[in-house]
Structures are given as structure tokens and as C-alpha cells.
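All residue numbers for the sequence shown refer to this note's numbering, where the first residue is 366 and numbers rise by one. A virtual CB, placed ideally from N, CA and C, is assigned to each residue, including glycine. Single-structure report; data block below.
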Amino acid sequence: MMRLNKSKEKIGTMFDEIAVKYDFLNHFFTANLDKRWRKKIIKQIEYFNFPFGTVVDLASGTGDMMAELLKLGPDKAFSFDISERMLEVQREKIKDDRLVILKADSEKMPLDDNSVDILTIAFGVRNFESLENSLNEIRRVLKPKGILIVLEMFGMAKRNRLFEFYFTRIMPRFGKLVSRSSYAYEYLHNSVMKFKTADEFNCLAGKNGFTLRKKENNFLKFVYSVYLQKV
Ligand SMILES: C[S@@+](CC[C@H](N)C(=O)[O-])C[C@H]1O[C@@H](n2cnc3c(N)ncnc32)[C@H](O)[C@@H]1O
366 MMRLNKSKEK
376 IGTMFDEIAV
386 KYDFLNHFFT
396 ANLDKRWRKK
406 IIKQIEYFNF
416 PFGTVVDLAS
426 GTGDMMAELL
436 KLGPDKAFSF
446 DISERMLEVQ
456 REKIKDDRLV
466 ILKADSEKMP
476 LDDNSVDILT
486 IAFGVRNFES
496 LENSLNEIRR
506 VLKPKGILIV
516 LEMFGMAKRN
526 RLFEFYFTRI
536 MPRFGKLVSR
546 SSYAYEYLHN
556 SVMKFKTADE
566 FNCLAGKNGF
576 TLRKKENNFL
586 KFVYSVYLQK
596 V
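Next comes the structure, spelled out in C-alpha cells:
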């Protein structure tokens with residue numbers, strides 16, 4: 366298994382390299398299910414009646430999660446990411462006066478303390494250099510009782526051979542062919558295999574001042590949406 370380098374520089378460069386092909390490959394590899402998972406998050410926000418005056422999409426990339434958040438009708442919205450190229454794609458896709466799109470990282474966001482109602486991270490936390498520093502920073506910017514929503518491919522508690530075949534044989538080859546990055550789709554598989562399970566992640570969030578409101582299994586008990594509230 367490859368050694369993972371999650372330095373912000375390495376991760377930022379990797380996403381810069383695949384930015385133009387990212388949306389196509391993302392939707393292709395998930396058979397468009399990723400779109401459904403993001404839409405479900407909006408339904409849950411409405412169901413729980415979470416306030417959404419100010420929303421942030423962190424590790425926002427090409428902006429598919431932000432596009433959904435804007436449908437709620439927030440007053441202010443911020444998309445942050447460390448890859449300028451991913452954000453360039455987002456700027457082309459989303460034109461909205463309420464939205465500020467900025468290069469910023471999960472450990473240092475240009476926002477006041479206690480200023481955000483909802484912060485989403487879709488397929489981002491797995492790539493963070495420091496999860497704990499990021500959780501602390503997210504806690505700082507969220508209002509009391511503010512909501513953190515994480516959609517992620519978490520590590521698996523049990524091995525799944527179908528998953529392993531798809532992720533080790535199909536994805537890296539096709540991903541490389543289309544994106545021309547030999548690293549990115551190998552990294553994807555390895556980063557999922559080595560990442561925390563959803564329960565381990567929730568436990569870490571618990572230690573960093575969040576309480577679990579809901580955990581939703583989207584797919585095969587490894588793609589989850591977790592809803593955490595600032596204590
Ligand atoms: C797999 S993409 C997800 C993009 C988007 N959220 C989506 O749902 O398609 C992961 C993104 O996380 C960003 N990222 C990784 N580490 C980050 C960090 N520490 N702070 C901010 N963004 C980060 C990457 O640049 C990349 O755009």
C-alpha cells in the first residue's frame with residue numbers, strides 16, 4: 366500500500382492537476398449517486414429545521430455541495446478550498462451574489478468566531494492534513510449549536526472484496542486514463558482504506574466539542590453523512 370502524503374501542498378497540487386476532469390470522474394465513479402447524497406443533506410437540513418443564514422462549504426472543490434446549499438436560500442455563503450484550480454471550475458459553474466469563493470484551508474478560515482450556522486464538508490475530511498486542528502477551527506467559526514455536516518467515504522470496519530476490486534483495479538486505471546494523473550486515483554483508494562471509520566470519526570469529533578445528531582448510511586456502510594452539532 367502506498368505511503369500517504371497529506372501535506373496541504375501535496376493535496377492541493379493533486380487536486381489542481383485533476384480539477385478539469387474531477388466532476389466527470391466523480392459522477393462516473395459513483396454512477397451519479399454522489400448527487401443524490403448531497404441532495405439528501407439539504408432535505409435533512411429542512412427536516413431538522415437547522416438555521417441556515419450563513420453557510421460554509423469547506424473543501425468545496427468544484428462546488429457541487431455549495432450549489433445545493435444555495436437552494437436553501439442563505440443570506441451569506443462561503444466556499445473554501447486549498448486548490449485554486451478546483452475553485453476556478455466552481456467560479457465558472459456558480460454565479461451568485463451571495464457567494465464568496467476563496468482559497469483558504471480547513472485550519473484557518475477567514476471568518477469571525479461564532480458566525481456560521483451550517484458548515485458542510487463533502488469528501489474533504491479524509492484529505493485533511495490535521496483533522497484535529499480542522500475540527501477546532503470549525504468549532505471556532507460555528508455559532509453555538511451550529512451544525513457540521515460531513516459526507517465522506519469512511520474506512521470500512523469489515524473488508525469488502527467487491528469494493529477492493531473496484532477501487533484497486535477499475536478506478537486507478539480509468540482515473541489515470543482520463544485525468545492523466547497516475548497518483549490521484551491510487552491515492553483515493555489508499556486514503557479510504559486508511560481512514561477512520563465513521564464511528565471513529567464521530568468519536569474524535571465528540572472529543573473536540575461536537576455531539577452526534579444523525580449518522581446516515583448512504584452506501585455499503587462506508588459512504589456516510591454525519592450530522593454533528595457544536596456543544
Ligand atoms: C474529493 S474533493 C471534494 C470536492 C467537493 N467537496 C465535492 O463534493 O465534490 C476534496 C477537496 O478537498 C480539498 N482539500 C483538501 N484538504 C483541504 C484542506 N485542508 N482545506 C481545504 N480544502 C482542502 C481539495 O483541494 C479538494 O478540492
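Give me the Cβ distance between residue i and residue j, rounded to the nearest whole Å; I'm assuming they're in contact under 8 Å.
{"i": "LEU437", "j": "ILE410", "result": "6 Å"}
{"i": "SER556", "j": "LEU390", "result": "That pair is no contact at about 15 Å."}
{"i": "ALA522", "j": "MET379", "result": "At roughly 27 Å, the Cβ-Cβ gap does not stay under 8 Å, so ALA522 and MET379 are not in contact."}
{"i": "TYR387", "j": "GLY418", "result": "Rounded, the Cβ-Cβ distance is 30 Å, inconsistent with contact."}
{"i": "GLN594", "j": "PHE575", "result": "6 Å"}
{"i": "PHE488", "j": "ALA469", "result": "Not really, about 18 Å apart at Cβ, beyond 8 Å."}
In whole angstroms, what is the alpha-carbon distance linking residue i and residue j?
{"i": "GLU382", "j": "ILE376", "result": "10 Å"}
{"i": "VAL421", "j": "ASN498", "result": "17 Å"}
{"i": "LEU516", "j": "ARG526", "result": "23 Å"}
{"i": "MET430", "j": "PRO537", "result": "24 Å"}
{"i": "GLU374", "j": "ILE447", "result": "9 Å"}
{"i": "ILE406", "j": "LEU464", "result": "19 Å"}
{"i": "THR533", "j": "PRO509", "result": "42 Å"}
{"i": "LEU585", "j": "LYS572", "result": "27 Å"}
{"i": "ARG505", "j": "LEU569", "result": "16 Å"}
{"i": "LEU500", "j": "GLU449", "result": "22 Å"}
Between the Cα of residue i and the Cα atoms of the options, which residue gives the shortest distance?
{"i": "TYR531", "options": "THR395, LEU516, LEU369", "result": "THR395"}
{"i": "SER480", "options": "GLU502, GLU494, SER495, GLY489", "result": "GLU502"}
{"i": "PHE587", "options": "THR576, PHE575, GLY520", "result": "GLY520"}
{"i": "LYS473", "options": "LYS561, LYS460, THR576, GLU494", "result": "GLU494"}
{"i": "ARG578", "options": "VAL591, LYS559, CYS568, LEU569", "result": "VAL591"}
{"i": "ASP462", "options": "LYS441, ASP470, ASP477, ALA469", "result": "LYS441"}
{"i": "LYS458", "options": "ALA432, ASP478, PRO439", "result": "ALA432"}
{"i": "MET558", "options": "GLU529, ILE535, GLY489", "result": "GLU529"}
{"i": "ASN492", "options": "LEU423, ARG403, ARG456, VAL454", "result": "LEU423"}
I'd like the list of long-range same chain contacts for residue i, defined as Cβ closer than 8 Å, with 5 residues on each side in sequence excluded.
{"i": "PHE415", "result": "ASP482, ILE483, ILE512"}
Enumerate in chain order the residues of its own chain whose CB-to-CB distance from residue i is below 7 Å, with the five nearest sequence positions on each side excluded.
{"i": "TYR589", "result": "GLU517, PHE519, ALA563, LYS580, GLU581, ASN582, ASN583"}
{"i": "LYS541", "result": "SER547, TYR550"}
Buried or exposed: residue i, going by 16 or more other Cβ atoms within 10 Å of its Cβ?
{"i": "PHE413", "result": "exposed"}
{"i": "VAL596", "result": "exposed"}
{"i": "MET367", "result": "exposed"}
{"i": "ARG401", "result": "exposed"}
{"i": "ILE486", "result": "buried"}
{"i": "ASP632", "result": "Because the chain here runs from 366 to 596, residue 632 falls outside it and cannot be looked at."}
Taking 6 Å as the limit between beta carbons, can you name the residues of its chain near residue i, skipping five residues before and five after?
{"i": "LEU398", "result": "none"}
{"i": "VAL490", "result": "VAL515, GLU517"}
{"i": "PHE443", "result": "VAL421, VAL465"}
Is any beta-carbon of chain C found at less than 9 Å from that of residue i?
{"i": "ASN573", "result": "Among the chains in the structure shown there is no chain C, since it carries only a single protein chain."}
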